[in-house]
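Peer 1: So the sequence shown is numbered by my numbering: it starts at 401 and just counts up by one. Mind looking over this structure? Questions follow.
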Amino acid sequence: MVMEQLDSNIKSSKNILLVSHINPDGDTLGSMCAMYSLIKDNYKKTCDMCVVSKVPEVYSFLPNIDKVKNIEDFDLSREYDLVINLDVAAIDRCADAKILFDKAKKTVNIDHHGTNDGYADINIIEPFAAATSEALFGVAQSLNWKISKDTAICLYTAIVTDTGCFKFSNTTARTMEFAGKLLKNGINPSEIYQKCYESNSKDMVLFQSYCINKAQFLNDDKIVYTIVYKKDLEKYNNNGEDFTDGLTEKLRAIVSTEIAFVVKELNSGASKVSMRSKSFDIAQVCVALGGGGHKLAAGALIKANPEKAVKMILNEIENRKLC
Ligand code: AMP
Ligand code: MN
Ligand code: MN
Numbered sequence: 401m402v403m404e405q406l407d408s409n410i411k412s413s414k415n416i417l418l419v420s421h422i423n424p425d426g427d428t429l430g431s432m433c434a435m436y437s438l439i440k441d442n443y444k445k446t447c448d449m450c451v452v453s454k455v456p457e458v459y460s461f462l463p464n465i466d467k468v469k470n471i472e473d474f475d476l477s478r479e480y481d482l483v484i485n486l487d488v489a490a491i492d493r494c495a496d497a498k499i500l501f502d503k504a505k506k507t508v509n510i511d512h513h514g515t516n517d518g519y520a521d522i523n524i525i526e527p528f529a530a531a532t533s534e535a536l537f538g539v540a541q542s543l544n545w546k547i548s549k550d551t552a553i554c555l556y557t558a559i560v561t562d563t564g565c566f567k568f569s570n571t572t573a574r575t576m577e578f579a580g581k582l583l584k585n586g587i588n589p590s591e592i593y594q595k596c597y598e599s600n601s602k603d604m605v606l607f608q609s610y611c612i613n614k615a616q617f618l619n620d621d622k623i624v625y626t627i628v629y630k631k632d633l634e635k636y637n638n639n640g641e642d643f644t645d646g647l648t649e650k651l652r653a654i655v656s657t658e659i660a661f662v663v664k665e666l667n668s669g670a671s672k673v674s675m676r677s678k679s680f681d682i683a684q685v686c687v688a689l690g691g692g693g694h695k696l697a698a699g700a701l702i703k704a705n706p707e708k709a710v711k712m713i714l715n716e717i718e719n720r721k722l723c
């Protein structure tokens, strides 16, 4: 039913906007660019694509990423026939693109976060999908959409990045099956791996080493966290590149770690927390702090300085007696 609704709305819409989430990752960008080529190849329509923060340099290889525009370059009074959000767990995760979303005649929400409340007219939310692109591949299959090599590169990149190269617990037999099908479209998995994981700048690796070096360990080293300050980021000269990408996973990789988190000081003075766990449900911790995510990978934006944010996070962990 939802698939038919999506199909008929794409068919009847003259102008379509695709939206990704703030601090975009491989899944939101890969799913958005995949949707762009899926609609182009199967409906002969071009869509607008929107980001609300800078596209990390590592994803510049994605087909059609050059067509993505920043929200600042959009006319916010425009009424789109259809707006499709991809990997946007909550409507405030797409910042000012919400203005265009609210004005649209019809809205779609394709996602895989269990905390997604189904805020659109048409909601395709698969909490058991490893990535939004896995859910999107399912949509493409059920609507018999043609999948080009460009689409396959985008869908595969999104799956690879959200599963940490098929090693996170969200990886299922279906994830592997879909990835296998994408390989049949002529993509090169080792090339995509290299682009995503072996393309970090020297400054980024040195910065992350510095952050790991000053990490704090609590509760017999079960909890580990580090704070990323603006002044440190400036010292390491990051040109808008997300120097914290993958940092929380490195802290989780320590044998004693049960819960790892990184608190980043934002320009506004607020803090962004990125949290990972090996087995405890930390989505609930982040929901309590105004955020959301998955059981083992979640995040939140906290309106407090980093030190205060750390106290609030530790409090929420302690309240739940997680570890
Ligand atoms: P991150 O640590 O930023 O990679 O985020 C981990 C997971 O939590 C991702 O799946 C995000 O989509 C989700 N997430 C992060 N921040 C928020 C937030 N403020 N609200 C809802 N979900 C979030
Ligand atoms: Mn995402
Ligand atoms: Mn995702």
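Virtual Cβ for every residue (Gly too), placed ideally from N, Cα, C. The structure displayed is predicted, hence computed values, not measured ones.
Would you grab the beta carbon distance between valine 662 and valine 628 for me? Rounded to a whole angstrom, and I think it's under 8 Å.
Peer 2: 6 Å
Peer 1: Measure the C-alpha to C-alpha separation of glutamate 658 and glutamate 718 and round it to an integer number of angstroms.
Peer 2: 13 Å
Peer 1: Could you give the residue range of the alpha helix (DSSP H) that holds glycine 426?
Peer 2: 426-443
Peer 1: First and last residue of the beta strand (DSSP E) that includes phenylalanine 537?
Peer 2: Looking at the DSSP string, phenylalanine 537 is not in any beta strand (DSSP E); the run it does join, the alpha helix (DSSP H), is 532-542.
Peer 1: Is it the case that the CB of serine 674 approaches a heavy atom of ligand 1 more closely than 7 Å?
Peer 2: yes
Peer 1: Please list the terminal residues of the continuous alpha helix (DSSP H) segment that includes glycine 580.
Peer 2: 573-583
Peer 1: Can you tell me where the alpha helix (DSSP H) with alanine 700 in it begins and where it stops?
Peer 2: No alpha helix (DSSP H) holds alanine 700; the beta strand (DSSP E) holding it covers 697-702.
Peer 1: Sorted by chain position, which residues of the same chain lie with C-beta nearer than 7 Å to lysine 445's C-beta, five sequence neighbours on each side aside?
Peer 2: Ile416, Ile439
Peer 1: So which residues touch the region around ligand 3, with touch meaning a C-beta under 6 Å from any heavy atom?
Peer 2: Asp427, Asp487, His512, Ala531, Thr532, Asp562
Peer 1: Report yes if the C-beta of threonine 575 is less than 7 Å from at least one heavy atom of ligand 1; otherwise report no.
Peer 2: no
Peer 1: Pick out whichever of Asn544, Val539, Val508, Leu476 has its Cα sitting closest to the Cα of alanine 495.
Peer 2: Of Asn544, Val539, Val508, Leu476, the residue nearest in Cα terms is Leu476.
Peer 1: Check whether the Cβ of asparagine 423 sits closer than 7 Å to any heavy atom of ligand 1, and report yes or no.
Peer 2: yes
Peer 1: Just to confirm my understanding: we take cysteine 596, look at its own chain, exclude 5 residues before and 5 after, and list those with CB closer than 7 Å. What are they?
Peer 2: Gly426, Val458, Thr557, Val560, Thr561
Peer 1: Does the distance from the C-beta atom of alanine 497 to that of isoleucine 522 stay below 8 Å?
Peer 2: no
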